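This report refers to the structure that appears directly beneath it.
There are 2 protein chains.
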Amino acid sequence: MKIAFLFYEGMTALDAVGPHEILSRLPEAEVFRVAKDAGPVRTDCGLILIADHPLSAVNQADILLIPGAGSATTLRDFPEVLDWIRSIHKTTTWTTSVCTGSLILGASGLLKGLRATSHWAALDRLKLWNAVPMEARIVEDGKVITAAGVSAGIDMALTLIAKIAGPQFAKSMQLGIEYDPQPPFDEGSPRKAEPVLYNALKSRMVAAFEKV
Amino acid sequence: MKIAFLFYEGMTALDAVGPHEILSRLPEAEVFRVAKDAGPVRTDCGLILIADHPLSAVNQADILLIPGAGSATTLRDFPEVLDWIRSIHKTTTWTTSVCTGSLILGASGLLKGLRATSHWAALDRLKLWNAVPMEARIVEDGKVITAAGVSAGIDMALTLIAKIAGPQFAKSMQLGIEYDPQPPFDEGSPRKAEPVLYNALKSRMVAAFEKV
Chain A
1 MKIAFLFYEG MTALDAVGPH EILSRLPEAE VFRVAKDAGP VRTDCGLILI
51 ADHPLSAVNQ ADILLIPGAG SATTLRDFPE VLDWIRSIHK TTTWTTSVCT
101 GSLILGASGL LKGLRATSHW AALDRLKLWN AVPMEARIVE DGKVITAAGV
151 SAGIDMALTL IAKIAGPQFA KSMQLGIEYD PQPPFDEGSP RKAEPVLYNA
201 LKSRMVAAFE KV
Chain B
213 MKIAFLFYEG MTALDAVGPH EILSRLPEAE VFRVAKDAGP VRTDCGLILI
263 ADHPLSAVNQ ADILLIPGAG SATTLRDFPE VLDWIRSIHK TTTWTTSVCT
313 GSLILGASGL LKGLRATSHW AALDRLKLWN AVPMEARIVE DGKVITAAGV
363 SAGIDMALTL IAKIAGPQFA KSMQLGIEYD PQPPFDEGSP RKAEPVLYNA
413 LKSRMVAAFE KV
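Chains as they are written, first to last, in this note's numbering: chain A, 1 to 212; chain B, 213 to 424.
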């Protein structure tokens, strides 16, 4: 089973690494970390990940995963990346995104008429790509699965491996990564957060998405 | 504020990248990704991260974070790494670990008499280093904070930034990474998992830790 992760400059590392920790442990997983060019990719917090393959080396995948970034849609300056996404999507069983990775799927023209989610601060922008924004942690429409912001990729990956390898496998993986979340606060979604925090953060994040 | 992440061959990427996503966004964070040698570090799922600095380039840190690995204690073959950990620990405000990273703290002699946690399958092994194993997601004893398996690093990092930058900052960060966990199953801890899954996974994982 070929699993392709798209890497790009400025991506949010956890968007990819959360699901990578889970999907790469699927039996017979063959993982391809792909970027415009193979080599180092600087993420938005300075951590550098290595892309093993350039776009041209990967022309098929069973699962495609697109991580997000505050600057996700700067990828529209790289039409060859969007071309690659469209081309791989034709071959996938599952095309997935985490956070604002859905804006990249949108910019690639793959969300037209589909229900999808994104980081809460970017959700409205899905309409720009004729997608139907859904306030949900994971949205599945046909073979396209989109996850909400950053940490939602972990929930999405567990959901996906349950479909692929069965719920027992997924539960064992959940236990393996001891995913029994106990955040010290319960303010991880707009509906739970204090309005003053929500409004301040939304202003900052929307400004970052302005380039979309 | 200097934050040092120890990277090493075979480490579990998410152990480090979860907290990195949070700690590196602290105001005035200066992040050092450190390994025995600077350069590429292959994690246990094949993803390669770059260590920016060799041990010799970093001699102080306000926060030290040690990620885990199935093979965590192969680090005991590298006494210079354990020496470095001991030396940095003398300078820290907080010394932290995720998953079996606590076994590395233990092997460095830093957990003697302290309460600590680890991945559930490795918890007993803390006794080898004269630590007091605690069945808890996060354990704080003095300036040492240990987290349980893999994903617990995210909860630990949020707890830590609340101490450092206040609860409002931590809540805003939680909202920023949309950390409103909704795992598809509720089997992420030994107490919640089906016994048959737990026993099978424990056998496999304990075998991996045998080299401790």
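Glycine included, C-beta positions come from ideal geometry on N, C-alpha and C. Treat the numbers as computed from the prediction; the structure is a model and nothing was measured.
Q | Distance, residue 398 of chain B Cα to residue 404 of chain B Cα | A | Within the model, the alpha-carbon separation for residue 404 of chain B versus residue 398 of chain B is close to 7 Å.
Q | Through-space distance from residue 419 of chain B to residue 148 of chain A, alpha-carbon basis | A | Residue 148 of chain A and residue 419 of chain B have their C-alpha atoms some 36 Å from each other.
Q. Can you list the beta strand (DSSP E) stretches of 3 or more residues lying completely in the stretch 239 to 271 of chain B, in chain order?
A. Listed in chain order, they are 242 to 247, 251 to 254, 260 to 263.
Q | Those residues which DSSP pairs with residue 358 of chain B across a bridge | A | Its beta-bridge partners are B:309, B:351.
**Q.** Rounded straight-line distance, which links the Cα of residue 231 of chain B to that of residue 400 of chain B
**A.** Within the model, the alpha-carbon separation for residue 400 of chain B versus residue 231 of chain B is close to 19 Å.
(Q) At the 7 Å Cβ level, is residue 148 of chain A part of the contact set with chain B, yes or no? (A) Among the CB atoms of chain B, one or more fall inside 7 Å of the CB of residue 148 of chain A.
(Q) Let me check understanding here. Comparing Cα to Cα, which of A:64, A:125, A:98, A:40 lies closest to residue 261 of chain B? (A) When only C-alpha atoms are compared, the closest one is A:40.
Q. Should the stretch 237 to 250 of chain B be called in touch with the stretch 27 to 34 of chain A, which here means at least 3 C-beta pairs below 8 Å?
A. No: the two stretches stay apart, fewer than three of their Cβ pairs being nearer than 8 Å.
(Q) With a threshold of 8 Å on Cβ separation, who are the neighbours of residue 417 of chain B within its own chain once the five nearest residues in sequence on each side are excluded? (A) Closer than 8 Å at the Cβ level, and outside the excluded window around residue 417 of chain B, lie 282, 331, 333, 334.
Q: Find out if the Cβ-Cβ distance for the pair residue 264 of chain B, residue 224 of chain B is shorter than 7 Å.
A: In this structure, residue 224 of chain B does not lie closer than 7 Å to residue 264 of chain B by Cβ.
Q: With a threshold of 16 other CB atoms inside 10 Å of the CB of residue 340 of chain B, please say whether the residue is buried or exposed.
A: The residue in question, residue 340 of chain B, is exposed, as its Cβ has fewer than 16 Cβ neighbours within 10 Å.
Q) How about residue 157 of chain A and residue 64 of chain A: are their beta carbons less than 7 Å apart? A) A distance of 7 Å or more separates the beta carbons of residue 157 of chain A and residue 64 of chain A.
Q | Interface positions of the stretch 379 to 396 of chain B facing chain A (Cβ-Cβ less than 8 Å), listed along the chain | A | Here the close residues are 379, 380, 382, 383, 384, 386, 387, 388, 389, 390, 391, 392, 393, 394, 395, 396.
**Q.** Range covered by the beta strand (DSSP E) that runs through residue 214 of chain B
**A.** 214 to 218 is the span of the beta strand (DSSP E), which, as asked, contains residue 214 of chain B.
(Q) For residue 201 of chain A, report the span of its alpha helix (DSSP H) as first-last. (A) The continuous alpha helix (DSSP H) containing residue 201 of chain A extends over residues 195 to 209.
Q: Put residue 424 of chain B into one of helix, strand or coil per three-state DSSP.
A: Only weak support exists for where residue 424 of chain B lies, its pLDDT of 49 falling under 50; the coordinates are left without a value.
Q | Euclidean distance between Cα positions of residue 1 of chain A and residue 258 of chain B | A | Between residue 1 of chain A and residue 258 of chain B, the C-alpha separation is close to 15 Å.
Q: Identify which residue in A:146, A:7, A:159 has its Cα closest to the Cα of residue 84 of chain A.
A: The alpha carbon of residue 84 of chain A has as its nearest neighbour, out of A:146, A:7, A:159, the alpha carbon of A:7.
(Q) If we define contact as Cβ-Cβ less than 7 Å, is residue 262 of chain B a contact residue for chain A? (A) It does: the Cβ of residue 262 of chain B has a partner Cβ on chain A nearer than 7 Å.
Q | Contacting positions in the stretch 197 to 208 of chain A - beta carbon closer than 8 Å to chain B | A | Of all residues in the stretch 197 to 208 of chain A, only 197, 198, 200, 201, 205 place a beta-carbon less than 8 Å from a beta-carbon of chain B.
Q. Does any residue of chain A bring its CB to less than 7 Å from the CB of residue 405 of chain B?
A. Chain A contact via Cβ: present.
Q: Would you please state the rounded distance, in angstroms, between the beta carbons of residue 137 of chain A and residue 152 of chain A? I believe it to be under 8 Å.
A: With a Cβ gap of about 5 Å, residue 137 of chain A and residue 152 of chain A count as contacting.
Q: Evaluate residue 392 of chain B with the Cβ neighbour count: other Cβ atoms within 10 Å of its Cβ, from every protein chain shown; 16 or more gives buried, anything less gives exposed.
A: The residue in question, residue 392 of chain B, is buried, as its Cβ has 16 or more Cβ neighbours within 10 Å.
**Q.** Neighbour list for residue 332 of chain B in chain A, Cβ cutoff strictly below 9 Å
**A.** The answer, in chain order, is 175, 178.
Q | Neighbour flag for residue 89 of chain A against chain B, beta carbons, 7 Å | A | In terms of beta-carbon proximity, residue 89 of chain A stays away from the interface with chain B, with every pair separated by 7 Å or more.
Q: Measure the beta-carbon distance from residue 413 of chain B to residue 166 of chain A and round it to whole angstroms, keeping in mind my assumption that it falls under 8 Å.
A: Going by Cβ atoms, the distance from residue 413 of chain B to residue 166 of chain A rounds to 15 Å, so no, they are not a contact pair.
Q) Hey, how far is the Cα of residue 126 of chain A from the Cα of residue 310 of chain B? A) For residue 126 of chain A and residue 310 of chain B, the distance between alpha carbons rounds to 36 Å.
Q | chain B within 7 Å of residue 115 of chain A, Cβ atoms only | A | No, its Cβ sits nowhere closer than 7 Å to a Cβ of chain B.
Q: Please state whether DSSP places residue 328 of chain B in a helix, a strand or coil.
A: The answer is strand: DSSP assigns residue 328 of chain B an E or B state.
Q: Kindly list the residues whose CB is nearer than 6 Å to the CB of residue 354 of chain B, restricted to its own chain and excluding five residues on each side of it in sequence; keep chain order.
A: Hits under 6 Å: none found.
(Q) Counting only C-beta atoms, is residue 399 of chain B closer than 7 Å to chain A at any point? (A) It does; some Cβ of chain A falls within 7 Å.
Q. Rounded to the nearest angstrom, how far is the Cβ of residue 222 of chain B from that of residue 278 of chain B, given a contact under 8 Å?
A. The C-beta distance from residue 222 of chain B to residue 278 of chain B rounds to 13 Å, too long to meet the 8 Å contact threshold.
(Q) Is it buried or exposed, residue 57 of chain A, if we count other Cβ atoms within 10 angstroms and call 16 or more buried? (A) Exposed, because fewer than 16 other Cβ atoms sit within 10 Å of the Cβ of residue 57 of chain A.
Q) DSSP puts residue 132 of chain A in a beta bridge; with which residues? A) The partner list for residue 132 of chain A (beta bridge, DSSP) reads A:115.
Q: Answer with yes or no whether the minimum CB distance from residue 13 of chain A to chain B is below 7 Å.
A: By this cut-off, residue 13 of chain A is an interface position.
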